[in-house]
Every structure is written in C-alpha cells, then in structure tokens.
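The sequence shown begins at 497 in the numbering used here and counts up one residue at a time.
Just so it is clear, CB atoms sit at the ideal spot from N, CA and C, and this is done for glycine as well.
Report on the following structure.
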Amino acid sequence: MGKNLTRKIVEAHLAKPSAMKPGEEVFLRVDQTLTHDINAVMTYLAFEAVGLERTQVECSVSYLDHNLLYLDNKTPDDHIYLQSVAKRYGVHVSRPGNGICHAVHMARFGKPGKLSMGGDSHTPHGGAIGMLCIGVGGMDVATAMTGVPMRLKMPEVIQVKLSGRLKPGCNAKDIILEMLRRVGIKGGLGKIFEYVGEGAAALEVNERATITNMGAEMGATSSIFPADGQVRKFLKAQQREADYVELLPDADAEYDGVIEVDLGALEPLCACPHQPDNVKPLKDVEKKKVQQVFIGSCTNTSYADVAKAALVFRGHHVSEDVSCTCGISSRQIYKQLMRDGYLEMLVDAGVRLLEIACGPCCAIGQSPATKGVAVRTSNRNFKGRAGNPTAEIYLVSPESAAATAIKGTFASAEEILGDELSILADIHEPEEMPVDDSMIVQPLPEEEAKQVEIVRGPNIQPLPVPEPPAQNLRVPVSLKTVDHITTDDITPASAEFSSMRSNIPMMSQFCYHRYDPDFAKRARAMGQSVIIGGENYGQGSSREHAAINPMYLGVRAVIAKSIARIHKGNLINHGIIPMIFEQADDYDRLEQGDELEIVNLPEQMRTKQVEVRDITKDVTFRVRLELSDSELEVILCGGQLRYLKKQLENRNESGIGEE
Ligand code: F3S
C-alpha cells in the first residue's frame, strides 16, 4: 500500500530506523525551530546552559510578537535578552511589528516537506504548505536546537476528505469548527489530520492554515495539507517559488481512519463558551447583546479574511454598543490591505486597528467588560482566555464577526449583504505580496556571533532545574481540579502575567491565580505536594510555565484521569511525574489536603505502575505512567535539561544525541 503524506515526511526525518507504527516512539531530525517572546526566555536560557556555540538546525527563528505592550521594564527586558541571545547563537529575529510567528514563519521560512518544531501549540499552522509542524514546550525546542533528535509518539494518521465548495459567507473557520463539533477537544489526541480531496484542493493556503492552526484545539499532534498548486501559488506570491516541491500522498495511501466533510453543506458556525468544541450553527446562538468583537490572531487574519470582513463593513458602522478591534497577523498583509483600500473600509466603519501582534488573543489588551459577551475570530474561548473570567467568548469567522459588530448581536454576513453575499466569493489571496524582510534580523557569522554580549535585565531570572524523584514520597494533595483544566487556568495570560514569564520566583506566586487564588501560598507552605487532575489536564496553550511554576512550588506529581499531549511533555521536561488513574473513580475519593505516600518511587516508576497510599482515607490505589522508556529516563534524571546535558556529554561520532 502507498504512503500518506505524514509517513513520507516522518520517514525522511527518521534519526534511526522505525516501522512507524502508531504509538511507537520515533526519533526525528528537526529542520526548523520557532519560538515567541512570552515562552522563549526559558528556551534560550536552557540552550545557553547546554554550552553549544550555535543552533544546530537549518533555521531557528525567534519571534517578538505576543506582548508588545511595554507596561514596565519587564517585557522590554525580555525582548532585549531575546534579541541578544539570538544574535549570539545564530537565530533569526522577527522584530516587534513584523507579525505573528505562525503567519510570518509560513510565509517567509516554511518549506514543503520540512519538519518544524515550535514552542507554541499553534505551530501546525505551517501544515498548510505541506510541512510537518509540531507544537511542543520550550525545553523541547532548546533540545531540537542542539541537534538531538526529537522524540515523538508516532501518531495515527486520519484522512479528512473534503468535498464540495464553501458557500459565500462561509469561511475555513466553519470547516474547523465543524471538525471540532464532530471530533471534540480530545478527539485529536495522538493523531495527525491529513486533509485531501477536491474540496481541499480548492482551498487557498491561508484558508488551509485556519484549519491546521485550530487542529490544536482537537488536541491533535498536527494537521497537514498536500503541497500542491495552491502551495506553489502561495510561495510564488512570496517570491519563493524555488522553495516549492510537490508533496502528495500516494493514490493508494493507507490511513488509520477517515472523516468526510461536504463543504457545500456547511453554514456559519459558532463555538460557544467555554470550549472550542461547543459548536452550534450561528443562527441558533441566543441573540445576546455583544459587547466586544475582535477580528484578529494568527488563525483568521489573512489578507482574504480581513478583506471579506471589510466588505461586510462597507457602508455600515460598528454598533454603538460594541467595541470592535482588528489585529492583522503580519506587516505584509497589513500593507497589502492598506494598498487595496480595505483598511480604510474598516476605519470608516469605526473598527479600531491594533498593532500587528497577538495582543487580545492572549489577553494582552482588549479584555472584555464584566460579564461581557466577546465575539472573536481567534482560536480559543476558554474561561479567562481574554483576561476576564466573568466574560463569555464566542468564536466565529471574520465575516460573521463583522456582521455581529454591525448588528450588536450574533449575525452572519448574509444578514448584512443579502443578495450581494456572492461578492465575498471574489476575494482571493493576492498573486503577489509585498515582500520586505527588513524587520527580520539575520544571524551573524559564527565568529562574529561569539563576540555578542547577552543582555540580561533584572527580569531575566535563572531557569529553575528540578531534582530527580525522591526514594519515598509522602506529600499532601495541594489541589484537586475539575476536568479540562487549561494551561490558561494554571498560568493566566495577560500583559501583566505574560511579562513575568522570565521570572519564575515572581510568576509562580500567581500559579492557578484565577482558578484558586490561594493555591500558590498553600503549595509553598506544603513544601512538596501532588495535584489531582480530571480529564484532559493541561489542554490548550503550550506554555511550559504551567509545568515550571508548579515544579517551583514543590509539586512532584500530577495524578489525573488524562493529560494533554504538550502539557504532559512539559511536565516530564520539568521533572513532574505525570500519573494516570487506573480506576477513574479513585479520582472521586481523593480530596485536597489528603496525605499520599509512595514508597520506592524510582523502582516502581520503572515498572510504569505505581501504588499510591492515601494515608488520610486509608486506601490504596494504582496509577500508571504512560511514558516511553526515554521519557521515563528524563524524569528519573531530574528533567530534560539534566538529561540533555548527559546526552550531549555522551555524544560521539556514531550518532549525535542517539537515545
Ligand atoms: Fe498569538 Fe493567539 Fe496565535 S497568542 S500565536 S495569535 S493563538
């Protein structure tokens, strides 16, 4: 049988032979890495700590794109550190104002068939050009930069057959919301979604990117489209046609499952609070008064997205009760929209144009009002994601967002444009984009780079390093959570909190701040403790601070019903043992404050089965470690940094960083 696209790319990057069976651990050579400002300081501190002279991958890029609100010294301290450390180690820097990492990376660096690892959960965005892009924690990016192969559980590959064409007024957002409606927020765990069919072939690259980007919301390892004529057209518009290679699945390719979606049957959809899979037809959403509309984020602000929103706004005005902002994903898109008159349409309609940055998507500005209804084109609607846990966030397409801003309540583009709806179908990505890489700082030659002084302001604090597991553990439960805890719950987003990410002693004081404001104090007082989690613990953003902060507060293990993929990796990297209940009802019995005991912990861990005694309740229960052998070694070693240093010490001519 033939090979699917994913297997072709995985096979081309294997660092050692593998049958690539789903669930099996594979080791992959990484071509490109991507980091962004609010997660990256820890990545580069870790890279500095391993003592190499230069990034070992073809291309590493550091994006300064998330937090551009310099409220005080902290964020500028971070940015100056990131710029100087990038210069020192041969990393490109995309300066503030150049654009959001995923949009810029795909446009300016992405290449079909390459393997990219990014310290951000929406890294799969680049799958739109036939590249395998995987979101990981910052420590994994640091590891990739050393040239050590990436360990990955070989995912199942699901074929998603798209047929038909989207109707005017429908957007690629409606395709991914339909996927979320069907598959759910856990349905992509351990899977890569590979989109094929005539419906897929008709989608332009930026439409594909909305889908690959939000594959993260299904928990998927990645999502990918073939590198075909649409990709050639996209790269040509970026003056990079030479980087194009055709990459298609074989006609008789095997898959581990199939999903079929008829694009022609879709209607405008809406993800309702507080999970992206709570999807309803937009027409069925209760007509509440909307307080805020945000058209922005990496997900849905391509040229065509914003141009379509502008056409909906043309001749109309934002409702007087709505605050409507637009944040465009890159400087080149901004310029092209400006040239073609679409920004003027937005301004005429009363839309407030924001800086080119992530901004409101991760609560850096534009928080909704108390109990406000916020309608956004971004990718996450978790409680508190926009900076105000009392608000409700609804996710829709740019066309629907524009109509909603005009009406002041949920509306589709058809309700505004009526018979003229078909004008939206005429909007396409430009055949030529304004290419100007003057906001990308190129790496220095190696000898020159060695002279660069790394600048560390007071906000740059050392990276905490965990200890290997103790022989015996007797610890209280510092927190018991509900299901679907997000990394936003653990380490809140916002301009204020994001600026603390380089300073763990400070930031850890706000761990679980919005979920349980007393947690940090309590965990600190306990010295060491365990967290009890429900289903899908740690879903959402890849931010590894959701592991580093608890580790710094003494959390030694998380025992949960299930743990999200990237967060599990972050726990392992930072020395917190991820444990899964053998019996889900043991979760019900446990309470915050219970005293737990585990004897001979390292020996039990090697069996991947651990017996835990609840001394308070006088019961014993079992947990399992869903870890590969190398992941187990990482934890036993005291986290990825210690493990990586050992690997690099042992590295010899026969294999760089071989496991
Ligand atoms: Fe930025 Fe939001 Fe995308 S924080 S990278 S715009 S998901």
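Item	Value
Using a Cβ-Cβ cutoff of less than 7 Å, which residues in the same chain neighbour N709 once the five nearest sequence positions on both sides are dropped?	H598, H618, P620, H621, C794, T795, N875
Report the rounded CA-to-CA distance for K1142 versus S896, giving the unit in angstroms.	53 Å
Short of 6 Å in beta carbon distance, which residues of its chain neighbour I1111, apart from the five on each side in sequence? Order them along the chain.	E1091, E1093
If the criterion is Cβ atoms closer than 8 Å, does the pair L833 and A803 meet it?	yes
Under the three-state reduction of DSSP, which class applies to S819: helix, strand or coil?	strand
At a cut-off of 7 Å, would you count H575 as near the ligand F3S, judging by its Cβ distance to the nearest heavy atom?	no
In or out: E674 buried (at least 16 other Cβ within 10 Å) or exposed?	buried
Confirm, please, whether the CB-CB distance from V546 to L524 is below 8 Å.	no
Are the beta-carbon atoms of K903 and S815 separated by less than 8 Å?	yes
State the DSSP-derived secondary structure class of M1075, mapped to helix, strand or coil.	strand
Any heavy atom of the ligand F3S closer than 7 Å to the beta-carbon of I902?	no
Please report the residue range of the beta strand (DSSP E) in which S718 lies.	718–720
Could you pull out every residue in the same chain whose Cβ sits closer than 6 Å to the Cβ of D817, ignoring the five residues on either side in sequence?	G904
Under 8 Å, do I1062 and G631 count as touching if we go by C-beta distance?	yes
What whole-angstrom Cβ distance do M1003 and R1010 have, given they're in contact under 8 Å?	No, M1003 and R1010 are not in contact; Cβ-Cβ is about 14 Å, not under 8 Å.
Bridge partners of P777, per DSSP?	L765
Since P972 sits in a beta bridge, which residues does DSSP pair it with?	E1091
Mapping DSSP to helix, strand and coil, what is C1133?	helix
Thinking C-alpha only, which one of A698, R1018, R736, V537 is nearest I576?	V537
Does the separation of the CB atoms of Q1024 and A1016 fall below 8 Å?	no
Does the beta-carbon of S558, which I'm using as the reference point, lie nearer than 7 Å to any heavy atom of the ligand FAD?	The ligand FAD is not among the ligands present in this structure, which contains only the ligand F3S.
Look at the Cβ atom of M1047, then the Cβ atom of H1070, and state whether they are nearer than 8 Å.	yes
Ignore the nearest five residues each way along the sequence and tell me which others in V653's own chain have a CB closer than 6 Å to its CB.	N500, T502, I688, E690, Y751, D752
What I want to know is whether the C-beta of N1032 ends up closer than 7 Å to one or more non-hydrogen atoms of the ligand F3S.	no
Hey, how far is the Cα of M935 from the Cα of T982?	34 Å
Go ahead and label N968 buried or exposed: buried means 16 or more other beta carbons lie within 10 angstroms of its beta carbon, across all protein chains shown.	exposed
Do you know how far the Cα of M650 is from the Cα of E521?	6 Å
Based on the DSSP secondary-structure assignment, which residues constitute the bridge partners of C555?	Q528
Enumerated in chain order, which unbroken segments of the alpha helix (DSSP H) with a length of 4 residues or greater are wholly contained in the segment 881–955?	894–903, 909–913, 942–945
How long is the line joining the alpha carbons of C1007 and D979, rounded to whole angstroms?	18 Å
Would the segment 960–976 and the segment 1075–1092 be scored as touching if the rule is three or more Cβ pairs under 8 Å?	yes
Using a threshold of 8 Å, state whether the C-beta atoms of V589 and R677 are closer than that.	no
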